[in-house]
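Note that our numbering has the sequence shown beginning at 403, numbered continuously upward.
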Amino acid sequence: MSKLESLYNASFNREVIMSDLSSVAKGDAFEAKVFKLLKSHILAGEYTLNPKKCQFFMQKGYFSYKRKKEIKVDMSIEVHAEDKEKLSLLVVVECKNYNKRVGVDDIEEFESKLSQISGKNVKGIVFTTKGFQSGALEFASSIGIALARFLPDNQIQWFLERTPEILGGRSRRKAQIEEVKKALTDEKYEGKAEFIFSAFNGSYSSSFAEIFNKLIPDDFKSYNQQHLKSSNKEIVPYIGQSYIDGRVNNILKYFGFKVKNKNEILLSPICDYLSKFSNVEFIYDEDLGENVHGNKILGKLSIDSKAIFISNTLELNSPRWRFTLAHELGHFLLHRKLLLSKPNSYLVDSENSISWENIEKSDNSRLEWQANSFASSLLLPKATLIPFIANLLI
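Have a look at this one:
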């Protein structure tokens, strides 16, 4: 077993302290990390390549007609036709774990290496941790090389956003593209719930699977598309409305009439309980600022520091203020264990995730739907709502 293969088996742990390794070891560990990412996702059927026709290698040599000898590459994915001896497609991956951004010269050198590997349909991807110079981004796009940035652990925060202004589909997509470009070129960029950003031929995405699948020619994609899993594999478990209603009913029963007022459910006893027994801090007097689109943040949950923030731009105890607080309580009570497994966990909420008609099928949306359902059930329990409606109909 080679050194890199050993690292592959042991190093895909996001808690590896890269700064404690030598430059060579850092590079090896990063290669192993990327190798396992690609191999595990392809074998799981999450990319369009047929996993049964793929072979994976680290530091394999390929013959160069110019050098008259083999060129070693960091890693490679060989895609074979029906005849396993015949190589039909070669995906070469270069890893740059530099202390600076990858420049045009690095991309040119990689392109030269790819052009010297003869007799193959060759595609290239460059991975880095520091990002790319803007010129490198443009040059790679012009020559058909895919770029991907793996953010360091200390530059990742887990955010869900809810903003007062709702961007339209076209505007939202444009903002997303600009955000990915920034993630690829800004060394100090901090990811919000995402840690891989990539680009290929003018396409930009925080889903590497989307870019990887664009890189692969259609002839090499699996015909069994119905068996391919989504690139955004769900990590948020399904919780139905009945389960959420049950959790809320248990809360109401525990607090009894201490929670109920004549016309509304009091949230203060729940907050007081969490403060006393779970050390949760509730902060209502801060302006939480704006998100990347310049829209006001209304609420925030910090899992690590056990703090729930409600923006002071909301009127205290107003309907929007109460719903935002109930929404954050829902995140804390329903999602705390899940978010504790994420580094630097935050949920940052703004109004677009409150409007159910704007929810899409994704992990973030599932989190938001569950928190919205919890807030609605808590503020307007069915046990209260149904008799009220019945009385109106009499």
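Virtual Cβ for every residue (Gly too), placed ideally from N, Cα, C.
Determine the burial state of Arg469: buried for a count of at least 16 other Cβ atoms within 10 Å of its Cβ, exposed for fewer. Looking up residue 469 in the sequence shown gives position 67. Exposed.
Who are the near neighbours of Phe679 in its chain, counting only those whose CB is closer than 7 Å to its CB and skipping five residues on each side? On the sequence shown, position 277 is the one that residue 679 refers to. Around Phe679: no qualifying Cβ.
Quick check: what's the CA-CA separation for Ser607 versus Ile545? Within the sequence shown, residue 607 is the residue found at index 205, counting from 1. Within the sequence shown, residue 545 is the residue found at index 143, counting from 1. Each residue's alpha carbon lies about 18 Å from the other.
Is the distance from the Cβ of Ile527 to the Cβ of Ser466 below 8 Å? Position 125 of the sequence shown, counted from the start, is the residue given in the question as residue 527. Position 64 of the sequence shown, counted from the start, is the residue given in the question as residue 466. Contact: no.
Leaving out five residues before and five after Val506 in sequence, what residues of the same chain have Cβ atoms less than 6 Å from its Cβ? Against the sequence shown, residue 506 aligns to sequence position 104. Once the five neighbours on either side are set aside, the close Cβ partners of Val506 are Gly537, Ala538, Phe541.
Is Glu581 buried or exposed, if buried means 16 or more other CB atoms sit within 10 Å of its CB? Taking the first residue of the sequence shown as 1, we reach residue 581 at position 179. By the 10 Å Cβ count, Glu581 comes out buried.
Can you give the beta carbon distance from Ala548 to Ile613, rounded, assuming they're within the 8 Å contact cut? Residue 548 sits at position 146 when you count from the first residue of the sequence shown. Residue 613 sits at position 211 when you count from the first residue of the sequence shown. Contact flag correct, Cβ pair sits at about 6 Å.
Buried/exposed call for Arg724, threshold 16 Cβ in 10 Å: By one-based count along the sequence shown, residue 724 stands at place 322. Buried.
Name the two residues that bound the continuous alpha helix (DSSP H) containing Tyr606. Here residue 606 is taken as the residue at index 204 of the sequence shown, counted from 1. For Tyr606, there is no enclosing alpha helix (DSSP H); the residue is part of the beta strand (DSSP E) that begins and ends at 605-607.
Which two residues bound the contiguous alpha helix (DSSP H) that contains Val506? The residue given as residue 506 occupies position 104 in the sequence shown. Secondary structure note for Val506: its alpha helix (DSSP H) is the uninterrupted segment 506-518.
Classify Gln457 as buried or exposed, calling it buried when 16 or more other Cβ atoms lie within 10 Å of its own Cβ. Here residue 457 refers to the residue found at position 55 of the sequence shown. Gln457 is classed as exposed because its beta carbon has fewer than 16 other beta carbons within 10 Å across all chains shown.
Between Phe734 and Ile710, how many whole angstroms is the CB-CB distance? I'm expecting something under 8 Å. What you label residue 734 is simply residue 332 of the sequence shown in a count that begins at 1. What you label residue 710 is simply residue 308 of the sequence shown in a count that begins at 1. With 8 Å as the limit, Phe734 and Ile710 qualify as a contact, their Cβ atoms being about 7 Å apart.
Beta-ladder partner(s) of Glu612, from DSSP: Indexing the sequence shown from 1 puts residue 612 at position 210. For Glu612, which the question treats as bridged, DSSP gives no partner whatsoever.
Taking a contact to mean a Cβ-Cβ separation below 8 Å, would you say Asp476 touches Glu448 in this structure? Taking the sequence shown and counting its residues from 1, one reaches residue 476 at position 74. Taking the sequence shown and counting its residues from 1, one reaches residue 448 at position 46. In this structure, Glu448 does not lie closer than 8 Å to Asp476 by Cβ.
So the candidates are Ser605, Cys673, Asn556; which of them puts its Cα closest to the Cα of Arg575? Translated into the one-based positions of the sequence shown, residue 575 becomes position 173. Looking at Ser605, Cys673, Asn556, the one whose alpha-carbon comes closest to that of Arg575 is Ser605.
For Asp689, which three-state DSSP category applies? If you number the sequence shown from 1, residue 689 lands on position 287. Asp689: coil per DSSP, three-state reduction.
Which stretch, first to last residue, makes up the beta strand (DSSP E) that contains Lys462? For the purposes of this step, residue 462 is identified with residue 60 of the sequence shown, where counting begins at 1. No beta strand (DSSP E) contains Lys462, which DSSP labels as neither H nor E.
Quick one: what's got a C-beta closer than 7 Å to Thr715's C-beta in the same chain, skipping five residues either side? Against the sequence shown, residue 715 aligns to sequence position 313. Closer than 7 Å at the Cβ level, and outside the excluded window around Thr715, lie Asp689, Lys698.
Tell me the rounded alpha-carbon separation between Ala611 and Ala577. In the sequence shown, residue 611 corresponds to position 209, counting from 1. In the sequence shown, residue 577 corresponds to position 175, counting from 1. Distance between Ala611 and Ala577, taken at the CA atoms: about 20 Å.
Just reading off the alpha helix (DSSP H) that Phe599 is part of, what are its end residues? Translated into the one-based positions of the sequence shown, residue 599 becomes position 197. Not the alpha helix (DSSP H): Phe599 falls in the beta strand (DSSP E), residues 598-602.
Identify the residues that DSSP records as bridge partners of Ala538: which are they? Start at 1 with the first residue of the sequence shown, and residue 538 comes out as number 136. Looking at the DSSP assignment, Ala538 forms no beta bridge with any residue, so it has no partner.
Comparing alpha-carbon positions, which option in Glu683, Asp647, Thr530 lies nearest Gly429? In the sequence shown, the residue the question calls residue 429 occupies position 27. Comparing Cα-Cα distances from Gly429 to each of Glu683, Asp647, Thr530, the minimum goes to Thr530.
Three-way DSSP call (helix, strand, coil) for Gly533 in this model: Looking up residue 533 in the sequence shown gives position 131. Coil at Gly533, not helix or strand.
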